[in-house]
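Encoded as structure tokens, the structure appears first; notes follow it.
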Ligand code: CO
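In this note's numbering, the protein residues as written are 16 to 212.
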């Protein structure tokens with residue numbers, strides 16, 4: 016990031032903080048006292064899907080985990096720690112796993128077009144899409160728009176299935192802690208979130 020880019024970021028932040036304080040003098044004092052988010056959001060790292068902006072949720076209302084292609088992985092200690100904290104300590108009422116159309120991670124997975132660490136991270140996405148019949152096995156090639164779209168949906172629903180099987184989720188539900196799970200998909204083309212079933 017160039018010096019002027021970081022200056023822009025800092026100037027934006029100063030203006031934002033000042034406007035928040037003008038609107039609500041207690042805003043930062045209140046937030047500094049603690050968080051009680053209603054939502055845990057598991058989304059893609061894609062810069063075009065900024066959770067608070069697209070949902071209109073204020074600071075303090077959504078606990079966030081993002082990774083490439085919004086994967087729910089049981090061996091991912093980062094995600095598992097987020098899940099445990101959100102469920103056991105913050106006691107969120109809703110967990111949202113949100114995919115998006117046009118996901119570059121899903122595309123790269125299906126085309127086999129990456130290498131190194133990211134290839135290893137995305138490989139299971141392709142395997143799952145083959146298993147569910149969304150894409151064909153055999154050598155990966157150029158991806159059609161229709162298959163890409165279907166893969167984004169199927170992949171996100173698969174993460175919901177994984178969430179349902181998560182021990183922290185199951186434990187909370189077995190103990191009657193109100194916790195609902197949702198799969199949403201965001202459309203980059205119109206800015207709308209839709210529920211997947
Ligand atoms: Co993505």
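Beta carbons: idealized from backbone N, C-alpha and C, even for Gly.
Every value quoted in this text rests on a predicted model; they were computed, and no experiment measured them.
Which whole-angstrom value is the C-beta distance of residue 69 and residue 206, which I expect to be below 8 Å? 7 Å
Would you mind listing the beta strand (DSSP E) stretches within the segment 94-158 that are 3+ residues and don't spill past its ends, in chain order? 109-115
Pull up the CB-CB distance for residue 125 and residue 106, whole angstroms please, since I reckon it's below 8 Å. Wrong, their Cβ atoms sit about 37 Å apart, outside the cutoff.
With DSSP run on the structure shown, which of helix, strand or coil describes residue 189? helix
Proximity to residue 86 [Cα-Cα], best of 60, 52, 51: 60
Give the secondary structure of residue 199 by DSSP, where H, G and I count as helix, E and B as strand, and everything else as coil. strand
Minimum C-alpha distance to residue 56 - residue among 48, 66, 50, 47: 66
For residue 58, the residue or residues it bridges with in DSSP: 81, 113
Please name the residue in 53, 147, 120, 204 whose C-alpha comes closest to that of residue 135. 120
Under DSSP, the alpha helix (DSSP H) around residue 194 begins and ends at which residues? Counting along the chain, residue 194 falls outside any alpha helix (DSSP H), and DSSP gives it neither H nor E.
In three-state terms, what does DSSP make of residue 208? strand
As a quick exercise: from 23, 74, 84, pick the residue whose alpha carbon is nearest that of residue 48. 74
Sort 211, 188, 174, 210 by Cα distance to residue 82 and report the nearest one. 174
Under the three-state DSSP convention, the category residue 66 falls into: helix
Between the segment 104-118 and the segment 145-158, do at least 3 Cβ pairs fall closer than 8 Å? no
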